Structure formats: C-alpha cells, structure tokens
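Remarks on the structure that follows.
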Amino acid sequence: MHPKLIHFLPALWALLVVNPVDSRADQIQNESLRELREVQAKVQSGLNRSMAATVAIHSPFGMGSGVVIDETGLILTAAHVYAAPGREVDIIFQDGRKVQGKTLGLHQQSDAGLIQIADSEENVWPYVEVEDGSFEDGAWCFALGHPGGVDEERGMVLRVGRVLEKRRYKMKSSCELLGGDSGGPLFNLAGKVIGIHSFIGGEFTDNYHVSMEPFQSHWEAMLEDKIITRFAAGRGGFLGVASTSHTDGVVIRRVLEGTAAEKEGIEVGDIVTSVDGQKVQEYDTFNDILKQKGPGEKVDFTILREDETLKFTVKLGERP
C-alpha cells in the first residue's frame with residue numbers, strides 16, 4: 094500500500110490488531126476481523142492500478158477528480174466539475190504528469206460527465222474497467238480522489254466502506270467524501286468503477302455517487318458533446334398523482350382528473366410496488382424514476398390493490 098494512504102484506514106487497522114479470545118462474542122468479532130483482512134487484501138491487490146487511473150482535474154471553472162476508463166484517455170467525472178462541453182482542462186496523474194483534456198457532453202440530472210485527454214504523446218493511458226453487472230446493497234467498496242486538488246505532501250485519499258443504497262442514477266456509500274472530491278471514482282473490490290462522487294449530504298453516511306447507468310444510457314450523446322437536460326422536479330412525463338411512502342411501496346393519495354393515471358384506472362389507495370421492473374420502496378425512488386421518463390413514454394406499474402396484484406402500462410402525459 095502507498096505509505097501516504099495508510100492513515101486513511103484507521104478503523105480497519107485498529108480492528109486488525111485486536112487479540113483473539115475464546116468467548117462467543119469474540120468468535121463473532123474474529124469472524125468480522127477475518128472479513129476485514131480479506132477486504133484489506135483485495136483493496137491492496139488492485140490499489141496501484143486504481144490510483145494510476147485516478148486523476149485530478151484543474152480548470153478556470155473549478156477542480157475535481159476523475160478516472161480514466163480506456164486506453165485512449167476517456168475520463169468519467171461529475172458534470173458540475175466543468176459544467177459545459179468544449180472547455181480545456183488540466184489532467185494530473187498520480188505520478189505527477191500533467192496533460193490537457195477537453196470536456197465532452199453531460200447528463201444534468203445525474204451529474205454524469207465525460208472528458209477526453211487531448212494530448213497524443215502517449216498512445217495508451219493507465220485505465221480501469223467499469224462494472225457493468227449488478228451488485229447488492231451492503232457490498233464493500235472503496236473511494237479515491239484528490240479533495241481540494243493535488244497535494245503532494247498528503248497524497249491521494251483512500252476511504253473504504255460499503256454501498257448503502259442504490260437507485261437508477263444515484264447511489265450512496267459510507268465512504269466519507271470531502272470537499273473537492275467531486276468526480277472521483279468509487280470502486281468495487283475487484284477494482285472496477287461502480288460510481289462517481291457527486292455530492293455530500295448532512296450526515297456522515299450521506300455520500301452520494303453517480304451510478305454507471307446514465308453513462309451507459311447516454312454514452313453516444315455525451316461523446317457527441319450533447320447536454321441531456323431532463324433535470325429536476327417539474328420536468329419529464331406526467332403521471333398525475335399525489336403519493337407518499339408506504340411500508341409496501343408508494344401509496345396513491347390523489348389522482349388528478351383527466352391525467353394519464355386516471356385514464357388507465359389507477360385509484361386512490363393503490364400501492365405502487367415497482368415501476369418498469371424496478372422495486373419501489375419510498376417516494377423519492379418513485380419520483381426519481383418518473384422524472385427520468387419523458388412525455389409519451391410508456392411505463393409499466395405493478396400495483397397492490399387490497400389483496401390483488403395488478404399490472405398497468407401508462408403512457409405519460411405532458412406536465413401542465
């Protein structure tokens with residue numbers, strides 16, 4: 094492990110020096126210690142490659158981090174790091190090399206952004222792969238980045254934690270992010286990128302990352318310098334309901350007259366349990382999914398009505 098990174102794993106190191114004893118409680122603790130040792134070994138095994146592909150991004154418009162994901166020098170980062178396509182930025186590698194990059198397109202709602210290294214002195218850049226499979230909540234992960242920019246004395250910052258929550262475009266982890274971390278990579282233990290640091294909430298565990306979904310869904314458009322602008326509340330297709338979280342999903346509290354929901358027979362008291370096959374457990378998830386759908390798109394709903402499970406396909410309307 095890089096010597097400057099050791100002090101960023103205090104909890105792991107503290108746990109690993111506990112002496113085993115024979116009580117049942119300590120046996121359980123020892124099982125946890127074995128898991129921590131396994132996690133530590135997996136992080137260490139691919140850390141040099143992960144660090145080599147993690148870069149700092151400096152420009153007149155701000156600073157952040159990013160990660161190179163192919164040999165041509167294509168970088169995943171957070172859209173708010175650069176805000177618009179066609180801008181020149183400095184890319185700084187872990188070994189100190191500085192090269193020029195050009196910002197490409199972005200996806201505003203999710204905060205996904207792309208940058209292409211413009212320098213052609215090297216044909217192959219250090220890079221890591223992107224995870225295109227599924228993983229469960231609770232999976233171990235680790236975060237890298239240059240919070241506040243490159244600091245030679247401090248080095249790159251490593252944090253180890255778990256995935257706490259997944260949504261289509263967002264995910265939350267216990268890897269504590271710092272100011273200026275935006276755009277840095279979140280890895281699984283195989284060293285593949287699963288998220289890009291986006292923003293920090295108010296609690297220790299409120300560390301939010303862009304998932305790989307918006308990159309994969311809008312890849313070609315972003316490479317063509319396009320800005321995908323379906324963004325925030327008030328945009329997207331219109332279902333026409335008022336709803337709140339429920340223990341089984343999201344319960345419909347009101348159906349507006351003349352809307353898509355009314356036309357297809359959705360009723361007050363219905364509980365939405367999934368949308369387009371994605372399980373719905375709270376209002377925020379339900380709202381996020383619908384904001385990603387445009388007017389005229391057909392959306393599949395699974396609804397619990399009393400003791401019966403019903404299927405609806407609704408063509409979303411225009412938002413008034």
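Note that the sequence shown covers residues 94 to 413 in the working numbering.
By construction, the Cβ of each residue, glycine as well, lies at the ideal position given by its N, Cα and C atoms.
All values reported here derive from a predicted model rather than from experimental measurement.
Within the same chain, Cβ atoms closer than 6 Å to the Cβ of G330 are found at K386, G387, P388, E390 and L409, the five residues on either side in sequence being excluded. According to DSSP, L271 shares a beta bridge with no other residue. Taking the Cα of Q309 as reference, the smallest distance to any Cα among K356, L207 and A211 is reached at L207.
By the criterion of at least three beta-carbon pairs nearer than 8 Å, the segment 163-173 is not in contact with the segment 131-139. Secondary structure of P153 (DSSP, three-state): coil.
Burial is judged here by how many other beta carbons sit within 10 angstroms of a residue's own beta carbon; L316 has fewer than 16 and is exposed. Here P307 carries a helix assignment [DSSP, helix/strand/coil]. When the beta-carbon positions are compared, M249 and Q209 stay at least 8 Å from each other. Rounded to the nearest whole angstrom, the C-alpha separation of V136 and V253 is 8 Å.
Between A176 and the set D163, I150, I185 and T165, the nearest pair of CA atoms involves I150. From the listed residues S143, L126, R127 and D163, the smallest Cα separation to A283 is found for S143.
Counting C-beta pairs closer than 8 Å gives three or more between the segment 285-295 and the segment 263-277, which meets the contact rule.
In the structure shown, F228 adopts coil according to DSSP, grouped into three states.
Beta-bridge annotation (DSSP): Q371 is paired with V368.
Its Cα nearest to that of L271, the residue M156 stands out among M156, A232 and G198. In this structure, the beta-carbon distance from V344 to G362 falls below 8 Å. Assignment of beta strand (DSSP E) within the segment 126-172, counting only whole runs of 3 or more residues, yields 147-152, 155-161 and 167-171 in chain order. Q193 is bridged by DSSP to D183. Taken through DSSP and simplified to helix, strand or coil, A314 comes out as helix.
A residue is called buried when at least 16 other Cβ atoms come within 10 angstroms of its Cβ; V221 meets this threshold and is buried. Annotation: the continuous beta strand (DSSP E) that includes I289 extends over V286 to I293.
In this structure, D230 places its C-beta atom within 8 Å of the C-beta atom of E258. D393 carries a strand assignment under DSSP once its states are collapsed to helix, strand and coil. With fewer than 16 other Cβ atoms inside 10 Å of its own Cβ, D341 counts as exposed. Relative to F394, the option among V348, S367, P307 and V192 whose CA is nearest is S367. Of all alpha-carbon atoms in F297, E296, D318 and F280, the one lying nearest the alpha-carbon of V303 is that of F280.
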